[in-house]
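For reference, the structure is listed below as C-alpha cells.
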Amino acid sequence: MEAIKSATGFAPITSTASRFHEISALASPIREIDAVHAEDDDDLLAEIGYKPELMRRFSTFQIFGIAYSIMGILPSVASLLGDALTSGPAGAVWSWVIASFLILTVGIGMSELASAIPTSGGLYYWTYYYAPDSVAVPLSFVIGLSNTLALCSDGKTYGVFAGCIFTGALATCVSSKNVAFLQTLSSACHTGLLVLFLIALPIGTKINRGEFNSRGFIFGDVQNYSDWTTGWQFCLSFMTAVWTIGAFDSCVHMSEEAKNATHGVPIGICGAISVCGLLGFVILISTDTGFPMAQVIYDSLGNKWAIAFMSLMAVCQWLMGASLVTASSRQIWAFARDNGLPFAEIFKVVNKRMKVPLRAVGLAGLISLAIGCLCLAGSTAAGALFSLGVCGNYLAWCTPIFLKLVFGKDKFKPGAFYLGKVLSTINGWIACAWGAFIIILACFPSSKHVDKTTMNYASVITGVYCHTSYNMEAIKSATGFAPITSTASRFHEISALASPIREIDAVHAEDDDDLLAEIGYKPELMRRFSTFQIFGIAYSIMGILPSVASLLGDALTSGPAGAVWSWVIASFLILTVGIGMSELASAIPTSGGLYYWTYYYAPDSVAVPLSFVIGLSNTMALCSGTVSVFYGCAQEVLAAVYLTNNDFVITDGKTYGVFAGCIFTGALATCVSSKNVAFLQTLSSACHTGLLVLFLIALPIGTKINRGEFNSRGFIFGDVQNYSDWTTGWQFCLSFMTAVWTIGGFDSCVHMSEEAKNATHGVPIGICGAISVCGLLGFVILICVCACMNPDIETILATDTGFPMAQVIYDSLGNKWAIAFMSLMAVCQWLMGASLVTASSRQIWAFARDNGLPFAEIFKVVNKRMKVPLRAVGLAGLISLAIGCLCLAGSTAAGALFALMVCGNYLAWCTPIFLKLVFGKDKFKPGSFYLGKVLSTINGWIACAWGVFITIVACFPSSKHVDKTTMNYASVISGGVWILSIIFFFTYKYKHYHGPKSNLDDSAIDGSSDAESVKLPLHEKSDIV
16 MEAIKSATGF APITSTASRF HEISALASPI REIDAVHAED DDDLLAEIGY KPELMRRFST
76 FQIFGIAYSI MGILPSVASL LGDALTSGPA GAVWSWVIAS FLILTVGIGM SELASAIPTS
136 GGLYYWTYYY APDSVAVPLS FVIGLSNTLA LCSDGKTYGV FAGCIFTGAL ATCVSSKNVA
196 FLQTLSSACH TGLLVLFLIA LPIGTKINRG EFNSRGFIFG DVQNYSDWTT GWQFCLSFMT
256 AVWTIGAFDS CVHMSEEAKN ATHGVPIGIC GAISVCGLLG FVILISTDTG FPMAQVIYDS
316 LGNKWAIAFM SLMAVCQWLM GASLVTASSR QIWAFARDNG LPFAEIFKVV NKRMKVPLRA
376 VGLAGLISLA IGCLCLAGST AAGALFSLGV CGNYLAWCTP IFLKLVFGKD KFKPGAFYLG
436 KVLSTINGWI ACAWGAFIII LACFPSSKHV DKTTMNYASV ITGVYCHTSY NMEAIKSATG
496 FAPITSTASR FHEISALASP IREIDAVHAE DDDDLLAEIG YKPELMRRFS TFQIFGIAYS
556 IMGILPSVAS LLGDALTSGP AGAVWSWVIA SFLILTVGIG MSELASAIPT SGGLYYWTYY
616 YAPDSVAVPL SFVIGLSNTM ALCSGTVSVF YGCAQEVLAA VYLTNNDFVI TDGKTYGVFA
676 GCIFTGALAT CVSSKNVAFL QTLSSACHTG LLVLFLIALP IGTKINRGEF NSRGFIFGDV
736 QNYSDWTTGW QFCLSFMTAV WTIGGFDSCV HMSEEAKNAT HGVPIGICGA ISVCGLLGFV
796 ILICVCACMN PDIETILATD TGFPMAQVIY DSLGNKWAIA FMSLMAVCQW LMGASLVTAS
856 SRQIWAFARD NGLPFAEIFK VVNKRMKVPL RAVGLAGLIS LAIGCLCLAG STAAGALFAL
916 MVCGNYLAWC TPIFLKLVFG KDKFKPGSFY LGKVLSTING WIACAWGVFI TIVACFPSSK
976 HVDKTTMNYA SVISGGVWIL SIIFFFTYKY KHYHGPKSNL DDSAIDGSSD AESVKLPLHE
1036 KSDIV
C-alpha cells in the first residue's frame, strides 16, 4: 500500500485541519505592492509578480469602451423591458435609479482595488491577497472559477447563439491594437444607435399618437403585474439594472493591456456604470408606455422602423458579445497563468506575434457554447443560466471588497483612486450588503406559485458549483489530480509506465486457459458457456421480436418498403462489423477485448489513453443499452396495461418505476452461478424463438380471419413513403436505425470470452451467427407485419397505445391477443435486459481488473464460490439506474440516451478494427476465424466506413425543424462522455491505468479454488517459481 501511495500520489484527507495546513504551507508568498511609487505600469506589474506578456494598446477611453460596449445599454434595456415594466412605469424608472446607485458602490469598491493592484486576474488575486492565510488559496480558487463561469454564462453572449459565439471569438483573435479599436467602434455604434432611438421615438410618437404619457404616469404609477407583493416585485425589478449594468469587471481583466492602468481602469469602471445608469434612466423615461420594446417602437414608428431598430440592436448585441469574449479570455488566460485551470500550460500561452492569448479566446468560446446548450432545455434553464451569471459575478466582485474591509486593513495600500478611509469603508459595506441582497434576489422565481416552469434553479447550480470548486484544491491534493505541465512530457510519462505488449498466438495455444495466460490473465471465471450459449447471449440481447416491436414506428416512417429494404442493407453492413470483431476475438479472446485490442494495435504514443476512452465508452454504451432494453420492457408492460384499461394514464414516473423494478430483478437474476447464467441464455433463446414462431403463425391467421386479405407485394416491397419532413432519401437512411439498434450488443460474446468453452471458435460463431440469424428473422418479421397491418400507416404511427406493434396486433387479432403478445414480449425483453446486465458486468469487471475504473480494487473481485463478479453486476445495475434518470426528462432525453448506446458502441467496435488495418498489420496473428488478407482488409474498411456513417446518423434529430422536443442531444452527451473521459484520464487516471495489466503474478486476486489448477505458459511458470 505504501508503494502504491508513493507511486500514485494518492493521499487521503486525514483531517480538515491538516489539509488546510498543507495547502497553506504551499501557498505563494504575499508580495509588497505600492502602486503610488511604481515607476510605470510594467514596473508595478513586476511588483505584483508577473512579467508583461500583452501589449498595452488600450487607452483610458477604450478601457471604458469595453465595459460600455458589454453593457450595451439600449439592447440590454430592450431585452429586459418586460421584466422592468412588471412593476409599472414608475417601478421601472425608480428601481433603475436605486439599483444604478447601489451598483456604483460595487464599482467604486472594485476601482479602489484595481487602482492598487491592476492585474488581469484581479478578482481572485485580491481575494488571495486580503484573505486570511488559512483560507486564501481555496477561496481565491473559488472566486477565479466563479468569475470565469459567470463571464462565460453571461446572457449578453447569446443571440443566434453558436454563430455569434464563433464569429465573436474570431473577431477577438486579432492583434491587441485591433481589439482595442473594436471597443472604440462598438462604443460609437451603441451611442449612435441610442441617439437615433432617442430622436426617432419621440418624433414618431408625436406623429402617430399625438401625445406623450403624463409625468404622473411615468414617475408615479407603480403597478404590479405578478403574484408577488408590490414591494417585492419592485425589488425584483432591480434585476433590469443589475443585468444591464454588469460585467464592468471587464476593465479589470484588461488591466495588463491598459495604458496607465492605475488611473484608466477605475475611470473605465466608474465611468461605464455612471454613463449607462444615466442613459438607462433616459431610455426608460422615453419608452414608458407599458409595453415591451419591440411593441413600443412598432406603435410609435411602424413596422419598418421596428425591423430596422431590432436589426441594429442585434448588431450592437453581437458587438457586446465580442467584447465579453475578449474580457472572458483575459480572465481565463490569467487564471491559467496561475495554474488555476486544467491544462493550464496550454491556455496560458500568448501568441508572440499578435500578443493575444488565442488559446484562451478559443476556450472562452467553447465554454460558452457548452454552457449555452442549457438554453436548449427551455426558458427555465436559460433563466437559471443568466441568474448564475449574476450570482457568480457578485460573489466574485464583493468577496475581495469584504476581505479588504475585514482582514486587509493593514495590507491595503491605495492607488491613484481612493475615497479616503471613512468614505471607502462606508461605500464598501454598502456594496457588500447590496451584493448579498442581489444574490438572494437573483435566486427567486418569477412567480410565487412555483412549478417546474417557474422555478429558478440558480441557487442549486450556483451552490453546487461553489461547493465543488471550494473543495477542488483538497480533492486535487487528495486524489493526485495534477495539472499537465507539458503535453509532451505527460505522454512520455504515460508511455514509460505502459504495460508491455505480449506475444499472443491463438493457433498454437494448448487450450483456452493457456491462451488466456498468453494474453496476460489467470482464469477467474468458470468456462460454462457452450458455443450455442455464447450465441444465445447475443441472440437474447438482440431479442428480435421485442426489439423490432419497440422500433416499428421508426421503421415505418419511410413506408413499408423503406422499412424492409433499410433493414436488409443495414443488416449486411452490420455483419461486416461483426466479422471484423470476430477476427479480433478469435485472435485475442478476453472479456475486455475491445479496449485490449485497441491498446494492442494502437501506436505506443496513444495506446494507453485511447484504450481508456474505448473502455469507458464501451462500459457506458453497454449500461445505456441496458437502460434502453429495460425501458422498452417497461413501455411494453404499460402498453399491455393500457390495453386492459383505456383509462390508465402512462406517465414518465410510472415508466421509470417499472424500469427500476426490471433493473433490480434483472441484476438479481444474474447474481447466480455461472452455470445458471449460461442456462439462462438457453432459456432466453428458446423463449424468443417460441414467441417469434407463435407471432409468425398467429398474425397471418388473424389477419386472414378479421381483415380477409393481405397487403400486396407492391405495397410491401415497393411502397417507399415518407412521414417526416426530411427528404425521402435521408429518411430511408434514418430507418437504418431500426436494424442498428436491434442487431446490437453482439460484443456481449466478447465479454463472455473468459467463460466460453473453446473461445477462439465459439465467440466468432456467436457474433456472426447472432447477426445473421437476427438479420434474416427481422426481414421475415417486417414482411409479415407489412403484409398484415392496416395500410393506413399514419393511423398506426399515431396509435393511442404509443406502441405501433400493439396496434398492428390489435387490428389483426383483437384486444386479448394484443394483451397476450405485449405481455410475452415484455417477458422476453426482460430476458434481453438480464443478458445485457450479464455482459455489462463482465466488461466492468475486466476494466476494473486493469485498473480502468474508480475503486477498481472493489469491483474486480470475483465471488470464489459462484465464480461470478457479483460486485460488478451490482455496479452495472446502479449505473443503469442512474443513467435511466434521464428518461424522466421526457422522450427527447430518452432518445439521446439510446443514441448514446449506438455512438458509444460503434466507436468501441470500429476503433480496434481501424487500428488493426492501419497500425497492426505486423502485430496481428489470426486465430481460427480469418477471411484472409484481402477479404479481411476490404471487410474492415467497409465496417469502419459504416461505423462513421451510422454514428453521424445516430446524432440526427427526427425532424428537420428542430426545437427542444425534436432535438437529438446524442452528439452532446456522447461527445461529453468522451471529452470528460479524456480529461479524467490525463488529470488523474493516467497514474493508475497503464493499459491491460497482467495479473498472473498477482496473489491478491485469488479467483480459483485450491482444487483448480491454473495453466500458464512455461516462461510465466518459471517466472512465478
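Note that the sequence shown covers residues 16 to 1040 in this note's numbering.
Beta carbons are placed, not taken as given, at the ideal position from N, Cα and C, and that holds for glycine.
(request) Give me the Cα-Cα distance between Val421 and Phe427, rounded to the nearest whole angstrom. (result) Taking the first residue of the sequence shown as position 1, residue 421 is located at position 406. Taking the first residue of the sequence shown as position 1, residue 427 is located at position 412. Using only the alpha carbons, I get a separation of about 11 angstroms.
(request) Return helix, strand or coil for Asn878, following the three-state DSSP convention. (result) As a working note, residue 878 is residue 863 in the sequence shown. If DSSP states are grouped into helix, strand and coil, Asn878 belongs with the strands.
(message) Can you find the residues in the same chain that come closer than 7 angstroms, C-beta to C-beta, to Gly558, ignoring five residues on each side of it along the sequence?
(response) Residue mapping note: residue 558 aligns to position 543 of the sequence shown, counting from 1. Closer than 7 angstroms at Cβ, skipping near neighbours: His703, Cys843, Gln844 and Met847.
(request) Report, in whole angstroms, the separation of the C-beta atoms of Ile445 and Leu117, which I expect to be a contact under 8 angstroms. (result) Here residue 445 is taken as the residue at index 430 of the sequence shown, counted from 1. Here residue 117 is taken as the residue at index 102 of the sequence shown, counted from 1. At roughly 7 angstroms, the Cβ-Cβ gap stays under 8 angstroms, so Ile445 and Leu117 are in contact.
(request) Give a yes or no on whether the C-beta atoms belonging to Cys799 and Pro715 are separated by under 8 angstroms. (result) One-based indexing of the sequence shown puts residue 799 at position 784. One-based indexing of the sequence shown puts residue 715 at position 700. It is a contact, given that the beta carbons lie within the stated cut-off.
(request) Flag this pair as yes or no: are the beta carbons of Cys331 and Leu89 separated by less than 8 angstroms? (result) What you label residue 331 is simply residue 316 of the sequence shown in a count that begins at 1. What you label residue 89 is simply residue 74 of the sequence shown in a count that begins at 1. Yes, these two residues count as a Cβ contact at 8 angstroms.
(message) Check for me: the alpha helix (DSSP H) holding Gly942 runs from which residue to which?
(response) Position 927 of the sequence shown, counting from 1, holds the residue named residue 942. Run containing Gly942: none; DSSP gives neither H nor E here.
(message) Check whether the stretch 148-160 and the stretch 287-301 are in contact - that is, three or more C-beta pairs closer than 8 angstroms.
(response) no
(request) Give a yes or no on contact between the stretch 573-585 and the stretch 792-808, applying the rule of three or more CB pairs nearer than 8 angstroms. (result) yes
(message) Within a Cβ cutoff of 6 angstroms, which residues of the same chain sit near Tyr139, ignoring the five residues on either side of it in sequence?
(response) In the sequence shown, residue 139 corresponds to position 124, counting from 1. If we look at Tyr139 and ignore the five residues flanking it on each side, its Cβ neighbours are Ser155, Ile158 and Gly159.
(request) Quickly, what does DSSP pair Phe544 with across the bridge? List them, please. (result) Start at 1 with the first residue of the sequence shown, and residue 544 comes out as number 529. DSSP output for Phe544 lists Ala771 as bridge partner(s).
(request) Under 8 angstroms by Cβ, that's how I've got Phe253 and Val108 pegged, so tell me the actual separation to the nearest angstrom. (result) For the purposes of this step, residue 253 is taken as residue 238 along the sequence shown, with counting starting at 1. For the purposes of this step, residue 108 is taken as residue 93 along the sequence shown, with counting starting at 1. Going by Cβ atoms, the distance from Phe253 to Val108 rounds to 12 angstroms, so no, they are not a contact pair.
(request) Give a yes or no on contact between the stretch 259-269 and the stretch 336-344, applying the rule of three or more CB pairs nearer than 8 angstroms. (result) yes
(request) Using a threshold of 8 angstroms, state whether the C-beta atoms of Asn920 and Ala636 are closer than that. (result) Your numbering for residue 920 matches position 905 in the sequence shown. Your numbering for residue 636 matches position 621 in the sequence shown. Cβ atoms of Asn920 and Ala636: closer than 8 angstroms.
(message) For Ile629, count the other beta carbons within 10 Å of its own beta carbon; 16 or more makes it buried, fewer makes it exposed. Which is it?
(response) Numbered from its first residue, the sequence shown carries residue 629 at position 614. Ile629 should be labelled buried.
(request) Flag this pair as yes or no: are the beta carbons of Asp527 and Arg543 separated by less than 8 angstroms? (result) Position 512 of the sequence shown, counted from the start, is the residue given in the question as residue 527. Position 528 of the sequence shown, counted from the start, is the residue given in the question as residue 543. No. Outside cutoff.
(request) State the Cα-Cα distance for the pair Ala981 and Ser974, rounded to the nearest angstrom. (result) For the purposes of this step, residue 981 is taken as residue 966 along the sequence shown, with counting starting at 1. For the purposes of this step, residue 974 is taken as residue 959 along the sequence shown, with counting starting at 1. Reading the sequence as shown, one finds Thr at residue 981 and not Ala. Each residue's alpha carbon lies about 6 angstroms from the other.
(request) Reducing DSSP to helix, strand and coil, say where Phe730 ends up. (result) What you label residue 730 is simply residue 715 of the sequence shown in a count that begins at 1. Helix at Phe730.
(request) Kindly list the residues whose CB is nearer than 8 angstroms to the CB of Asn721, restricted to its own chain and excluding five residues on each side of it in sequence; keep chain order. (result) In the sequence shown, residue 721 corresponds to position 706, counting from 1. So the list reads Asp826, Ser827, Leu828 and Gly829, once near-sequence residues are dropped.
(request) Count the C-beta pairs between the stretch 747-766 and the stretch 543-554 that are closer than 8 angstroms, then say yes if the count reaches three, no if not. (result) yes
(message) Just checking Ile603 against the ligand COA - is the residue's beta carbon closer than 7 angstroms to any of the ligand's heavy atoms?
(response) This structure lacks the ligand COA; in fact it carries no ligand of any kind.
(message) Measuring only the C-alpha atoms, how far is Ser581 from Val257?
(response) To locate residue 581, count along the sequence shown from 1; it is residue 566. To locate residue 257, count along the sequence shown from 1; it is residue 242. Distance between the alpha carbons of Ser581 and Val257 is about 56 angstroms.
(request) Within its chain, find whatever has a CB closer than 6 angstroms to the CB of Leu652; leave out the 5 residues flanking it on each side and keep chain order. (result) Taking the first residue of the sequence shown as position 1, residue 652 is located at position 637. What sits at residue 652 in the sequence shown is Val, not Leu. The answer, listed in chain order, is Val673 and Ala841.
(request) Could you check if Leu200 is buried or exposed, using at least 16 other CB atoms within 10 Å of its CB as the buried criterion? (result) In the sequence shown, residue 200 corresponds to position 185, counting from 1. With fewer than 16 Cβ atoms within 10 Å of its Cβ, Leu200 is classed as exposed.
(message) Quick check: what's the CA-CA separation for Ala887 versus Glu769?
(response) On the sequence shown, residue 887 is found 872 positions in, with the first residue counted as 1. On the sequence shown, residue 769 is found 754 positions in, with the first residue counted as 1. Computed Cα separation, rounded: 15 angstroms.
(message) Quick check for students: name the residue ranges of the alpha helix (DSSP H) that lie wholly in the stretch 739-818, counting only runs of 4 or more.
(response) 743-749, 751-757, 763-766, 774-803 and 808-812
(request) Using beta-carbon positions only, say whether Cys748 and Gly593 come within less than 8 angstroms of one another. (result) For the purposes of this step, residue 748 is identified with residue 733 of the sequence shown, where counting begins at 1. For the purposes of this step, residue 593 is identified with residue 578 of the sequence shown, where counting begins at 1. Taking 8 angstroms as the Cβ cut-off, Cys748 and Gly593 do not qualify as a contacting pair.
(message) Just to confirm the assignment, what range does the alpha helix (DSSP H) spanning Asp667 have?
(response) Within the sequence shown, numbered from 1, the residue matching residue 667 stands at position 652. Element bounds for Asp667: Asp667 to Ala684.
(message) In the DSSP assignment, the alpha helix (DSSP H) including Lys831 goes from what residue to what residue?
(response) Translated into the one-based positions of the sequence shown, residue 831 becomes position 816. Counting along the chain, the alpha helix (DSSP H) containing Lys831 begins and ends at Asn830 to Arg864.
(request) Kindly identify the DSSP beta-bridge partner or partners of Val371. (result) In the sequence shown, the residue the question calls residue 371 occupies position 356. According to DSSP, Val371 bridges with Asn366.
(message) Please report the straight-line C-alpha distance between Ala891 and Ser856, rounded to a whole angstrom.
(response) Locating residue 891 in the sequence shown gives position 876, where the first residue counts as 1. Locating residue 856 in the sequence shown gives position 841, where the first residue counts as 1. Going by the C-alpha atoms only, they are around 6 angstroms apart.
(message) Just to check my reading of the structure: Leu540 and Val877 have Cβ atoms closer than 8 angstroms, yes? What is that Cβ distance to the nearest angstrom?
(response) Residue 540 sits at position 525 when you count from the first residue of the sequence shown. Residue 877 sits at position 862 when you count from the first residue of the sequence shown. Correct: roughly 7 angstroms between the Cβ atoms.
(request) Please say whether Phe710 and Cys677 have beta carbons closer to each other than 8 angstroms? (result) Residue 677 sits at position 662 when you count from the first residue of the sequence shown. Residue 710 sits at position 695 when you count from the first residue of the sequence shown. Contact: no.
(message) Taking 7 angstroms as the limit between beta carbons, can you name the residues of its chain near Ser301, skipping five residues before and five after?
(response) Residue mapping note: residue 301 aligns to position 286 of the sequence shown, counting from 1. Leu213, Leu216 and Pro217, listed in sequence order.
(message) Taking 8 angstroms as the cut-off, does the stretch 945-960 touch the stretch 617-634 (at least 3 CB pairs, one atom from each stretch)?
(response) no
(request) Taking Ser161 and Gly535 to be in contact with their CB atoms under 8 angstroms, please state how far apart those CB atoms are, rounded to whole angstroms. (result) Counting from one through the sequence shown, the residue named residue 161 turns up at place 146. Counting from one through the sequence shown, the residue named residue 535 turns up at place 520. Not a contact, Cβ separation roughly 47 angstroms.
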